[in-house]
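Protein chains in written order, with full-length UniProt numbering: chain A, 1 to 395; chain B, 1 to 304; chain C, 1 to 100.
Even for Gly, the Cβ is constructed at its ideal location relative to N, Cα and C.
All of these numbers come straight from a predicted model, not from anything done at the bench.
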């Protein structure tokens, strides 16, 4: 019998971490992430989860601790939001450069100043260039499943993974979620296989100062310079797109659910127009597409599940032949436009695709976004020579 | 048993020659004897960006026979905590985790993660090698720089504030072991690191590490400068075991036999104090005396 | 796979001497030991103990590794018998290295 529970995305995330048998957790409280870490702390204190739980004094320390624990070979977990995630920024770069398979939940929240505790995706988008894999979820089931997938991906490619889901919209909303049985998770995800090299007398200096040019080791072998190692990170990130896809297929084979890999589509088979979005806003876009179809616009949705690595090829394939692309996103690259729109336009340009692309920024700091607004804005983009704009900005 | 002579120190060297650190480096000598006191094959060292990074060498070669994990400047206490947790979670037993950070990485940018690690009672040793400034980046002022010292960021007026009393801050965490040491007294240093290695919980050792280029004194005088710091009570050698204070080594003899030298004797041999005024020397003397009498009183109380 | 992968993607140094090259080249003065003056007693070993770079042998007669000695002069300063003197140049007791 299926174990269906009515839970929030935060509870789903805690259950996922526990099912993955994480060994070290370090976290610092920030709304709306707190329930994830509280529930994990309770599991550890009740003895249900055999893990070291570090109640660190900051997010910077949370990431520093899990990176170091991962370097010792432990499977690790942390979670954060908004300014907490920004405070981790230095350590996010460090984690990726260290090639540690850290997995973290980012419960998306707008960043100060002024203070907001409500949802948008400015926090994780601002971490775009840290070298992490970023996966965005539509609902709580996807959060649970994606976290399990994330460990498999991270441990395979040795790149940290951030699983992003919208604060309050998902983190605090209770919906039915199927909790996998631990035996299935064990089957899907073998114990943390990371070879650390740490053993008695294994003298080493991990992440030392490195030169720009390759340098010989004591045996005369040429070892890479900084840029060469960084290029490996880039190469492995790009090739992780295939592994994200593969992992989703393997997941489906065990659990019967697939989330589409790096990109998913809704009613795109015959679409003339496409809405592109991430996270829960992308779910709303499906409702807007339905309504646009009723108005006579053959519209579908292309959801970005992996934002980094950016699935340029898959997106272009999904958008082949459409006339209008309306990108809706809860972030902005200040001084330009939405980050997803910017990246998407570059991808289309490179492949000689020239649909009309419009960037719409919506729902910052928790401002409500209704499907009708999305449909209305998209219809404008379809019928008029559309300008990029922020939706529903007042006064 | 206290180590009484050089011959009792372990013969094995864990720092291979040809390192990148300056000639007559106080940190080098500190690290050399600290590693002898540890069991480097089963020691994991956490190191922030610092002179220690330079000492540990440029990829792909390190001169140091130890397991070293580099971490960002502010993260040392947290990285050490993660190492401890990771070792425990993966069943790797018997390792000693030791953080080695400078005064900038301890007093300033690292104080938060250090305090967190100490408050949680993390089972690790933290060694602060205090060379009284940001020496690796070119002798900028830190909160550990003494009053009256010219640094590259106090170039005209010299430092106006006294050194932060970091040891009191550390002590306020009520950890089982707090000690001070100096590379000019390698036997005392060696004994303290060895003792700290055997204690469970958080241990903190602060080493006053003279820096010839940063302080402005001849290389050959490294040992003498450290000894002078003790003889003037500018740096006092002690340990606090489970809250019980006692003076050690040269500072113990100074308390018992007297003969304390003046701060003026100490500052005159260092070009960093070239701008110090009579008034500042007086203030530094008073600051030093006040601490020294407190320490002597605590030593007496600890014995009674 | 992870095992092989990590070796090539993470920067890990291994120990070897001479990381910074022949640091003896940094020297302007070279220590010279007068073995007659040296106590040759285990009860001393102060030069060995105080050498930051650990380039003085622990066995008698003492030898200084001039390939790596940075010439700081601590050994000469601390020797209670004044058995070590600092001689101008990188030359040590006929070391042909001088002038390279």
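Exercise. What's the gap between the Cα of residue 292/B and the Cα of residue 58/C?
Worked result: Here the question's residue 292/B lines up with position 292 in the second chain. Here the question's residue 58/C lines up with position 58 in the third chain. Residue 58/C has its alpha-carbon roughly 37 Å from the corresponding atom of residue 292/B.
Problem set entry | As assigned by DSSP and simplified to three states, the class of residue 130/A | Counting from one through the first chain, the residue named residue 130/A turns up at place 130. In the structure shown, residue 130/A sits in a helix (DSSP, three-state: H, G or I).
For this session: With 9 Å as the threshold, decide whether the Cβ of residue 74/C is near any Cβ in chain B.
Result: Position 74 of the third chain, counted from the start, is the residue given in the question as residue 74/C. Yes, residue 74/C counts as interfacial toward chain B.
Problem set entry | residue 51/B (DSSP reduced to helix, strand or coil) | Residue 51/B sits at position 51 when you count from the first residue of the second chain. Residue 51/B sits in a helix when the DSSP states are folded into three classes.
Exercise. When DSSP labels each residue in this structure, what does residue 297/A get in the three-state scheme?
Worked result: For the purposes of this step, residue 297/A is taken as residue 297 along the first chain, with counting starting at 1. Residue 297/A sits in coil when the DSSP states are folded into three classes, being neither helix nor strand.
Problem set entry | Coarse secondary structure for residue 115/A, derived from DSSP in three states | Looking up residue 115/A in the first chain gives position 115. Coil at residue 115/A, not helix or strand.
Exercise. Who are the Cβ neighbours of residue 266/B in its own chain at under 6 Å, not counting the five residues just before and after it?
Worked result: Taking the first residue of the second chain as 1, we reach residue 266/B at position 266. Spatial neighbours of residue 266/B in its own chain (CB-CB distance under 6 Å, excluding positions within 5 residues in sequence) are listed in chain order as 228, 232 and 234.
For this session: Name the two residues that bound the continuous beta strand (DSSP E) containing residue 166/A.
Result: Numbered from 1 along the first chain, position 166 holds the residue referred to as residue 166/A. Counting along the chain, the beta strand (DSSP E) containing residue 166/A begins and ends at 161-166.
Problem set entry | Whole runs of the alpha helix (DSSP H) within the region 154-206 of chain B, excluding any shorter than 4 residues | The qualifying runs are 166-171 and 186-198.
Exercise. Which residues in the same chain have their Cβ closer than 7 Å to the Cβ of residue 2/B, if we skip the five residues on either side of it in sequence?
Worked result: Along the second chain, one-based indexing puts residue 2/B at 2. Once the five neighbours on either side are set aside, the close Cβ partners of residue 2/B are 191.
Problem set entry | Cβ neighbours of residue 215/A in the same chain (closer than 8 Å, five flanking residues each side left out) | Position 215 of the first chain, counted from the start, is the residue given in the question as residue 215/A. If the five residues before and after residue 215/A are omitted, its C-beta is found closer than 8 Å to the C-beta atoms of 222, 223 and 225, all from its own chain and listed in chain order.
Problem set entry | Cβ-based neighbour list, residue 57/A, same chain, cut-off 6 Å, excluding 5 preceding and 5 following | One-based indexing of the first chain puts residue 57/A at position 57. A distance below 6 Å between beta-carbons, with the five flanking residues on each side excluded, links residue 57/A to no residue of its chain.
Exercise. So what does DSSP say about residue 264/A, is it helix, strand or coil?
Worked result: For the purposes of this step, residue 264/A is taken as residue 264 along the first chain, with counting starting at 1. In this structure, residue 264/A counts as strand in the three-state DSSP scheme.
Problem set entry | Nearest candidate by alpha-carbon position, reference residue 194/A, set 70/A, 169/A and 235/A | Numbered from its first residue, the first chain carries residue 194/A at position 194. Here the closest residue by C-alpha is 70/A.
For this session: Indicate the three-state DSSP secondary structure (helix, strand or coil) for residue 177/A in the structure shown.
Result: In the first chain, residue 177/A corresponds to position 177, counting from 1. Assignment of residue 177/A by DSSP, reduced to helix, strand and coil, places it in the strand class.
Exercise. Given a threshold of 16 other Cβ atoms within 10 Å of its Cβ, counted over all protein chains shown, does residue 100/C qualify as buried or as exposed?
Worked result: If you number the third chain from 1, residue 100/C lands on position 100. Here the model assigns residue 100/C a pLDDT of 41, short of 50, so the residue's position is not dependable and the matter cannot be decided.
For this session: List in chain order: all unbroken beta strand (DSSP E) runs of 3+ residues lying wholly within the region 67-129 of chain B.
Result: Whole beta strand (DSSP E) segments, 3+ residues: 67-71 and 96-102.
For this session: Select from 294/A, 347/A, 286/A and 229/A the residue whose C-alpha is nearest the C-alpha of residue 302/A.
Result: Residue mapping note: residue 302/A aligns to position 302 of the first chain, counting from 1. Proximity to residue 302/A across 294/A, 347/A, 286/A and 229/A peaks at 286/A, based on C-alpha coordinates.
For this session: Please list the residues of the region 185-206 of chain A that have a C-beta atom closer than 7 Å to any C-beta atom in chain F, keeping them in chain order.
Result: In summary, chain F is missing from the structure at hand, where the protein chains are A, B and C.
For this session: Check each candidate in 232/A, 169/A and 347/A and name the one with the smallest Cα separation from residue 31/A.
Result: Residue mapping note: residue 31/A aligns to position 31 of the first chain, counting from 1. Per the Cα distances, 169/A.
Exercise. So with Cβ pairs under 9 Å, would you call residue 44/B a contact of chain C?
Worked result: As a first step, residue 44/B is located in the second chain; it is residue number 44 there, counting from the start. Interface flag for residue 44/B against chain C is unset, since no Cβ pair is found closer than 9 Å.
Exercise. According to DSSP, which residues form a beta bridge with residue 356/A?
Worked result: Along the first chain, one-based indexing puts residue 356/A at 356. DSSP, once it has assigned bridges, lists 324/A as partnering residue 356/A.
Exercise. Buried or exposed: where does residue 7/A fall if 16 or more other Cβ atoms within 10 Å of its Cβ makes it buried?
Worked result: On the first chain, position 7 is the one that residue 7/A refers to. Answer is buried; the Cβ neighbour count reaches 16.
Exercise. Since residue 25/B meets chain C, which of its residues come closer than 7 Å, beta carbon to beta carbon?
Worked result: Start at 1 with the first residue of the second chain, and residue 25/B comes out as number 25. Those are 52, listed as they occur along chain C.
Problem set entry | Straight-line Cα distance separating residue 171/A from residue 222/B | Counting from one through the second chain, the residue named residue 222/B turns up at place 222. Counting from one through the first chain, the residue named residue 171/A turns up at place 171. Rounded to the nearest angstrom, the two C-alpha atoms are 59 Å apart.
Problem set entry | Helix, strand or coil at residue 77/A [DSSP, three-state] | On the first chain, residue 77/A is found 77 positions in, with the first residue counted as 1. Strand at residue 77/A.
Exercise. Does the beta carbon of residue 389/A come closer than 9 Å to any beta carbon on chain C?
Worked result: The residue labelled residue 389/A in the question sits at position 389 within the first chain. By this cut-off, residue 389/A is not an interface position.
For this session: Check whether the Cβ of residue 13/B lies closer than 8 Å to any heavy atom of the ligand SAM, and answer yes or no.
Result: Because no ligand of any kind appears in the structure shown, any question about the ligand SAM cannot be addressed here.
Problem set entry | Where the beta strand (DSSP E) through residue 86/C begins and ends | For the purposes of this step, residue 86/C is taken as the residue at position 86 of the third chain. From DSSP, the beta strand (DSSP E) with residue 86/C extends over 84-88.
Exercise. How would you call residue 163/B, buried or exposed, if buried means at least 16 neighbouring beta carbons within 10 angstroms?
Worked result: Along the second chain, read from residue 1 onward, the residue named residue 163/B stands at position 163. So residue 163/B ends up on the buried side.
Problem set entry | Buried/exposed call for residue 148/A, threshold 16 Cβ in 10 Å | Translated into the one-based positions of the first chain, residue 148/A becomes position 148. Residue 148/A should be labelled buried.
Problem set entry | Nonlocal neighbours in the same chain, by C-beta distance under 7 Å from residue 461/A, ignoring five residues either side | Given that chain A is displayed from residue 1 to residue 395, the structure contains no residue 461/A and the question cannot be resolved.
For this session: Step through the CB atoms of chain B and report whether any lies within less than 9 Å of the CB of residue 15/C.
Result: Your numbering for residue 15/C matches position 15 in the third chain. Interface annotation, residue 15/C: in contact with chain B, CB-CB separation under 9 Å.
For this session: Would you verify that the beta carbon of residue 170/B is, or is not, closer than 9 Å to some beta carbon of chain A?
Result: One-based indexing of the second chain puts residue 170/B at position 170. For residue 170/B, the answer is no, since every Cβ of chain A falls outside 9 Å of its Cβ.
Problem set entry | Members of the region 55-74 of chain A that neighbour chain B once the beta carbon cut-off is set at 9 Å | Among the residues of the region 55-74 of chain A, those with a Cβ less than 9 Å away from any Cβ of chain B are 55, 56, 57, 58, 60, 61, 62, 63, 64, 65, 66, 67, 68, 69, 70, 71, 72, 73 and 74, in the order of the chain.
Problem set entry | Backbone secondary structure at residue 300/B - three-state DSSP | Start at 1 with the first residue of the second chain, and residue 300/B comes out as number 300. In the structure shown, residue 300/B sits in a helix (DSSP, three-state: H, G or I).
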